[in-house]
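For the protein sequence lines, the chains are A and B, in the order given. Under the numbering used here, residues 3 to 255 are what the first sequence spells out, in order. Under the numbering used here, residues 4 to 213 are what the second sequence spells out, in order. Yeah, the Cβ is synthetic: ideal placement off N, Cα and C, and Gly gets one too. Notes to accompany the following structure.
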Amino acid sequence: MHDPSLEQVTKSLPRYPAGAMEELDRDPSSRKRFLSMVGGAGTATVFATFLAACGGGSDDDDEGSTAGGDSGTDPTASPAGGATATREPNPDPKEGTTDLEILGYALSLEQLEAAFYADVIESDLFTGADLGTIKQFGEDEQVHLELLEATIKKLGGEVPVAPKTKFPLTSQAGVLKLASELENGGAAAYLGQANRIRSKEVLAAALSIHTVEARHAATLNSLAGLPPEPQGAFAVPASMEQILTFVQRFIVP
Amino acid sequence: MTYANPRVPESNAIEIHGFTRGAFILRSALAVGAVYGTGAVGTFVGQAVAQDGESGGDAEILNFALSLEYLEADFYRQALELDLSAEAAALATRLGAHERDHIAALIDFIDVVGGTPTKEPTFSFPITDEASFLELAQTLEETGVSAYNGAAPSIESPEILAAAGQIVQIEARHATDIRVALGQPTSPKPFDESLEMAPVLEAVQPFIKA
């Protein structure tokens, strides 16, 4: 069985403008596919977040066992929220997804990336400048993770537990290619959520992380001998579903 | 991308919003206008003021972005007139092509939201060789990242916000490419800074000739 690469997952997307991916997220049958895909009870941590994010706590039959609160609740409206500058609610892209759910999703990805870099460092496959780059990127992800955790707590949400992960780390070239896929995926994931975020503060934070993920991605593309802007002048966003399809192979049940 | 024929921007209708609100910004910007010609600062003035409180809407943010993309595109065009190494020339060619695609897309968006695309100013850059090219390229690309990140939360249309995200990710990759060429750390900070319009205006003003 071969997993689709991120490129394969995203290449069916329109390059510009963004937006078609939203259909996927709102499609209840794709949500069902999700449920069957992630199945096991032991993986309720990161997957619960993904499901909450993708399901939006809507008419589907989930048990409400999710980290992000239920549908339509704007976390920024809570007095504990602190984020007072709220963007104009838009019924389209933002429907059914709260900022807390998006933050939980982003945190899960950062947890995955941080675990990846920790494993790569431990693998002793890299030395010198490349090891320095990997350590730096791992530290960046750790800082992102901490900010996202703090923001989730500030908004009154539950911080998802880090998933158990396993990455195929056998050669330098293989690891660089995988790192490049993870970082390009991370950048695409943030990009895919940008116009669904309600709070201006959360959006500003997400944007400031998004471009750092892009820097990581471009660096790793260069190290892996790939074009730094593989999609040309306009980066392609990815939906939560597309990202989960890509990363689930690294999650240990 | 399929923006083969970027339209020639129509002449810029200079509208200065919030004259009283943005008095401070206006004073300095208009002083610059007196030196360089008001046409050159029209967009920047309107934009800076809009962010000060009187919203000029997405069209003005788009025009602000368009002005920066004009600047970057012309910068790479002028850089290619220098005696560059093959690597640096390839970089300037690739990045310049992306910026021209951004210009075409922004002009389309400005049309869609009913605005008037700002006119392209004439630029002058203090670049004489590869080293000065790369050094200024880094400044411009980093400024571009911070400018988009600063303006994006004020964008009202979800579609335009998404498109701005698609562009800023590329600007961040460009900034990285330049850092790779300079042998610098490619991820200097865990969070990219955002800049408001006024400091960006200040940063690019010296390159606007007319």
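| query | result |
| --- | --- |
| Three-pair Cβ contact test at 8 Å for the region 121 to 130 of chain A versus the region 150 to 161 of chain A | no |
| Pairwise C-alpha distance: residue 111/A and residue 188/A | 7 Å |
| Status (buried if at least 16 other CB within 10 Å, exposed otherwise) for residue 195/A | buried |
| Reduced DSSP category for residue 211/B - H, G, I as helix; E, B as strand; rest coil | strand |
| Inter-residue CB distance, residue 72/B and residue 102/B (contact presumed, cutoff 8 Å) | 5 Å |
| First and last residue of the uninterrupted alpha helix (DSSP H) at residue 224/A | 202 to 225 |
| 4 or more residues per run - each alpha helix (DSSP H) lying fully within the region 123 to 177 of chain B | 133 to 154 |
| Local Cβ density within 10 Å of residue 227/A, reported as buried at 16 or more and exposed below that | exposed |
| Residue 41/A burial status per 10 Å Cβ neighbour count (16 or more: buried) | The predicted position of residue 41/A is uncertain, since its pLDDT is 32 and thus under 50; a value taken from the coordinates is nonetheless stated next. Per the 10 Å Cβ criterion, exposed. |
| Contact belief for residue 105/B with residue 235/A at Cβ below 8 Å, rounded distance in angstroms | 6 Å |
| Neighbourhood of residue 223/A by C-beta distance below 6 Å, restricted to the same chain and skipping five residues each side | 182 and 230 |
| Inter-residue Cα distance where the pair is residue 209/B and residue 197/A | 34 Å |
| Residue 110/B - DSSP class collapsed to helix/strand/coil | helix |
| Beta-carbon spacing of residue 102/A, residue 184/A below 9 Å | no |
| Given residue 69/B as reference, the closest of 114/B, 87/B and 89/B once Cα atoms are compared | 114/B |
| Identified DSSP bridge partners for residue 167/A | 253/A |
| Residue 203/B (DSSP reduced to helix, strand or coil) | helix |
| Same chain only: Cβ atoms within 6 Å of residue 240/A, ignoring 5 sequence neighbours per side | 12, 190, 191 and 194 |
| Between the CA atoms of residue 188/B and residue 135/A - distance to the nearest angstrom | 8 Å |
| Buried versus exposed, by CB contacts within 10 Å (16 or more), residue 147/B | buried |
| Distance, residue 142/A Cα to residue 104/A Cα | 19 Å |
| Helix, strand or coil at residue 135/A [DSSP, three-state] | helix |
| Where residue 158/A falls: helix, strand or coil (DSSP) | coil |
| Same chain, Cβ closer than 7 Å to residue 206/B, five either side skipped, listed in chain order | 146 |
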